[in-house]
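Under this note's numbering, the first residue of the sequence shown carries the number 40, and numbering increases by one thereafter.
Since the structure comes first, as structure tokens, the remarks are kept for the end.
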Amino acid sequence: MPQQTVGILGGGQLGRMLAHPAALMGIPLLILDSGPDTPAKQVSLPPHGHTQHPDGAFTSPEHIKELARNADVLTVEIEHVDADVLAQVEADGLCAVQPAPGTIKLIQDKYLQKRHLEARGIAVAPFAAVPERPTLADWQALERELGLPLMVKSRTMAYDGKGNSPLKTLEEVDIGQTMDTLVRGAGGNKLYAEAWAPFVMEVAVMVVRNVQGQVKSYDAVETIHKDSILRVCFAPLRVAAGGKGMSEVNRRAKELAESAVATLDGAGIFGVEMFLMPDGTFPGLSSKTPDLTLTPFPPPPPTASGSLMINEIAPRPHNSGHHTIEACETSQFENHLRAILSLPLGSTSLRVPAAAMLNMIGTSESMQPIEDACTAAYGVPGATVHLYGKKECRKGRKMGHVTVTGSSDAQVRERIRPILAAMPDLAA
Ligand code: ATP
Ligand code: MG
Ligand code: MG
40 MPQQTVGILG GGQLGRMLAH PAALMGIPLL ILDSGPDTPA KQVSLPPHGH
90 TQHPDGAFTS PEHIKELARN ADVLTVEIEH VDADVLAQVE ADGLCAVQPA
140 PGTIKLIQDK YLQKRHLEAR GIAVAPFAAV PERPTLADWQ ALERELGLPL
190 MVKSRTMAYD GKGNSPLKTL EEVDIGQTMD TLVRGAGGNK LYAEAWAPFV
240 MEVAVMVVRN VQGQVKSYDA VETIHKDSIL RVCFAPLRVA AGGKGMSEVN
290 RRAKELAESA VATLDGAGIF GVEMFLMPDG TFPGLSSKTP DLTLTPFPPP
340 PPTASGSLMI NEIAPRPHNS GHHTIEACET SQFENHLRAI LSLPLGSTSL
390 RVPAAAMLNM IGTSESMQPI EDACTAAYGV PGATVHLYGK KECRKGRKMG
440 HVTVTGSSDA QVRERIRPIL AAMPDLAA
């Protein structure tokens, strides 16, 4: 089989975790990002004939074209790239691009992404466009359509909840001021609004499709967010002793995720985030308040039902699939490489009964809390520490994660206690 060089737009932690299986499989990588030692570049030597990885912005047309001339397939570890240039390099026959540039462009705009899914009969949280300079009357119309609270979201450039602002009331505030806050929250980008989803649980499914069209999905995971940032992830969905637990929800979540990905072109791994809604039976679970309090140890439901709707899709490896490195037969990162290189997909089955993933997120400029969490993790059986090699710590920045595997969901939840205890911001 001729060796193909993969060009990756973006050299952060997802690129770093792509570089690990690439090294095992002997796949040459060229990583485009600004700076000589980004997280991905730190762990990957450039291929023969190159003295270094390209140093430039993954949004720069010149750098993307240069990367395309030196690679066989381009892919992304971040969706906020120049999708038009990717379409151009593909049209010019410079290089293959996976997933399809049109898919990346569609997903970049969450409002268009939602319209695309809705038009194809895929369940999504109710949503509506926000006019460019909305008046109080516009907000009142949105309230009539979607109710309150609203989740006001940036259409583009959103990640880790940056760009999301809950709007709880229209009364107590001067709407001009609220608008300023919302626009600032969205980084000046265009806005759209979503109805508040009073979910009982957030779940996510990773779906992978190769160039030939073979599709596999991983079992659904439970994702717990705080302040709109993913903090903890449990795999598989909880199963109660003697009960069916959430196996039915798992089946439907995989089905919904696969049908959503079927509407998108191109090969690779996709992360599908979903809300499990309170219109079913959830013994032991209750609808969350808009403050999104984190409850790490709710009791497992003996059986659970309820409708699912999609929050958003990522056209790349995703934080809710990090556990697949230690917990599944083939990681999301290896399967992404297999998918875009026309290789057969690997098994997505869990190879341990249960796993949890805990993000280590900066609380300030100090690395100390991250180091404390690592120290706690090193004392836990079945724990694997991943540090991303980022030099500067900042509040809200993903610095690393820990995966903990175990013989049961209960054991995993027990094992993560000392690590959670070393992350006081999580409980706060
Ligand atoms: P990511 O880092 O996953 O790309 P993002 O910045 O794109 O995040 P979203 O996924 O849209 O943001 O939202 C982040 C989190 O905010 C969700 O996982 C959920 O916890 C909460 N959230 C988003 N939309 C809603 C909604 N309509 N109702 C209630 N909560 C919501
Ligand atoms: Mg997102
Ligand atoms: Mg999200």
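Heads up, the beta-carbon is just placed ideally off N, CA and C, and yes, glycines get one too.
Beta carbon of residue i nearer than 8 Å to that of residue j
{"i": "S370", "j": "V260", "result": "no"}
{"i": "L15", "j": "A135", "result": "The question about residue 15 has no answer here: the residues shown for the chain are numbered 40 through 467."}
{"i": "V441", "j": "A416", "result": "yes"}
{"i": "A296", "j": "S256", "result": "yes"}
{"i": "G421", "j": "R390", "result": "no"}
{"i": "L230", "j": "S286", "result": "no"}
{"i": "V11", "j": "T262", "result": "Residue 11 is absent from the model: the chain starts at 40 and stops at 467."}
{"i": "S381", "j": "Q251", "result": "yes"}
{"i": "H119", "j": "F372", "result": "no"}
{"i": "G401", "j": "M462", "result": "no"}
Distance between beta carbons of residue j and residue i, contact taken as under 8 Å
{"i": "I379", "j": "L156", "result": "Their Cβ separation, rounded to whole angstroms, is 23 Å, which puts I379 and L156 out of contact at 8 Å."}
{"i": "G46", "j": "A96", "result": "Incorrect: roughly 14 Å between the Cβ atoms, too far for contact."}
{"i": "L84", "j": "I103", "result": "Not really, about 22 Å apart at Cβ, beyond 8 Å."}
{"i": "P78", "j": "G307", "result": "About 20 Å; that fails the 8 Å criterion."}
{"i": "A395", "j": "V451", "result": "5 Å"}
{"i": "P67", "j": "P354", "result": "Going by Cβ atoms, the distance from P67 to P354 rounds to 23 Å, so no, they are not a contact pair."}
{"i": "I117", "j": "G200", "result": "In fact, because the Cβ distance is near 16 Å, the residues do not count as touching under 8 Å."}
Separation of residue j from residue i, as counted between CA atoms
{"i": "E233", "j": "H87", "result": "49 Å"}
{"i": "E101", "j": "D121", "result": "11 Å"}
{"i": "L331", "j": "Q42", "result": "The predicted position of L331 is uncertain, since its pLDDT is 31 and thus under 50; a value taken from the coordinates is nonetheless stated next. Near 47 Å, if we compare the C-alpha coordinates of Q42 and L331."}
{"i": "T141", "j": "P457", "result": "Inspection of the sequence shows that residue 141 is occupied by Gly rather than by Thr. Cα to Cα, G141 sits roughly 45 Å from P457."}
{"i": "H89", "j": "S99", "result": "20 Å"}
{"i": "S388", "j": "M245", "result": "12 Å"}
{"i": "A62", "j": "A162", "result": "39 Å"}
{"i": "Q152", "j": "R377", "result": "26 Å"}
{"i": "V128", "j": "L145", "result": "18 Å"}
{"i": "D177", "j": "S298", "result": "34 Å"}
{"i": "V115", "j": "E210", "result": "43 Å"}
{"i": "E368", "j": "R277", "result": "20 Å"}
{"i": "S386", "j": "H425", "result": "23 Å"}
{"i": "M313", "j": "G202", "result": "18 Å"}
{"i": "A197", "j": "T444", "result": "31 Å"}
{"i": "A158", "j": "A301", "result": "13 Å"}
{"i": "R290", "j": "T174", "result": "43 Å"}
{"i": "S73", "j": "H92", "result": "10 Å"}
Residue i (DSSP reduced to helix, strand or coil)
{"i": "T262", "result": "strand"}
{"i": "S256", "result": "strand"}
{"i": "E233", "result": "strand"}
{"i": "S326", "result": "Model confidence at S326 stands at a pLDDT of 49, short of 50, so the residue's coordinates are unreliable and nothing is read from them."}
{"i": "N398", "result": "strand"}
{"i": "K437", "result": "strand"}
{"i": "H357", "result": "coil"}
{"i": "M453", "result": "According to the sequence as given, residue 453 is Glu; it is not Met. Residue state, collapsed to three classes: helix."}
{"i": "T442", "result": "strand"}
{"i": "T423", "result": "strand"}
{"i": "R270", "result": "strand"}
{"i": "G310", "result": "strand"}
{"i": "N228", "result": "coil"}
{"i": "R248", "result": "strand"}
{"i": "L295", "result": "helix"}
{"i": "E351", "result": "strand"}
{"i": "V391", "result": "coil"}
Within-8 Å CB hit, residue i to chain B
{"i": "I161", "result": "No chain B appears in the structure shown, which is made up of a single protein chain."}
Continuous beta strand (DSSP E) assignments of at least 3 residues falling wholly in the segment 146-218: 166-168, 189-193, 203-206
Which full runs of the beta strand (DSSP E) of 3+ residues lie inside the segment 42-119, going along the chain? 45-48, 68-71, 112-115
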